[in-house]
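Student: Here you go, one structure.
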Amino acid sequence: MLGDDTEAEDAAQDIFVKAYRSIGRYEPTGSFSSWLYSIAYRHCLNILRRRKLQRKLQGLIMRDDRMPGPETLVDERTFSPPLEDALRRLSAFERSLLVLSVFEEKTYPEIAAIIGKNPDAVKKRIGRAKRKLRAMLEEDGEVEAWNKQETLWQTRS
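Per the numbering used here, the sequence shown starts with residue 69, numbered consecutively.
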């Protein structure tokens, strides 16, 4: 969701601290992982909101001149630049749905519990996000980038 490995690692630490501090409020009506993912989801959305505000205030986009780590190199081999670009152009909400569904392999009921929506609504929104992503890639003339991932994504949803 955050698009930066270092920031994601920092966020993970913050999320676990938040979960530890609020463990007393956990109600076992849903799975523990859904409860934890809902904390993570909201935390990441807050980070994205702050980042957007900072960019508006600064009017600059910071360049990342660091050397890529091994995880970044694997990601670059797995996803084409056109696919990454299209994912960045999705809204944070659409991107988070795809991350939870495709990459985290969460079920619709689990995602619904995380984001506080109905499972049927989640299924429809994920479908819309995938269609939007495909349309972006087709518009950019990058159908191959979509076809490369489509089979994988369909089997996980």
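For each residue, glycine too, the CB sits at the ideal point set by N, CA and C.
Using only alpha-carbon positions, find the residue among R89, D153, R117 that is nearest to L205.
Tutor: Closest by alpha carbon: D153.
Student: Assign S159 to one of two classes, buried (16 or more other C-beta atoms within 10 Å of its C-beta) or exposed (fewer than that).
Tutor: That one is exposed.
Student: Count the C-beta pairs between the region 101-112 and the region 163-176 that are closer than 8 Å, then say yes if the count reaches three, no if not.
Tutor: Touching, per the Cβ criterion.
Student: Which of helix, strand or coil does DSSP assign to G195?
Tutor: DSSP places G195 in helix when its eight states are reduced to three.
Student: May I have the straight-line CA-CA distance separating L70 from R118, to the nearest angstrom?
Tutor: Cα to Cα, L70 sits roughly 12 Å from R118.
Student: Under 8 Å between the Cβ atoms of Y105 and I194?
Tutor: Going by C-beta atoms, Y105 is not nearer than 8 Å to I194.
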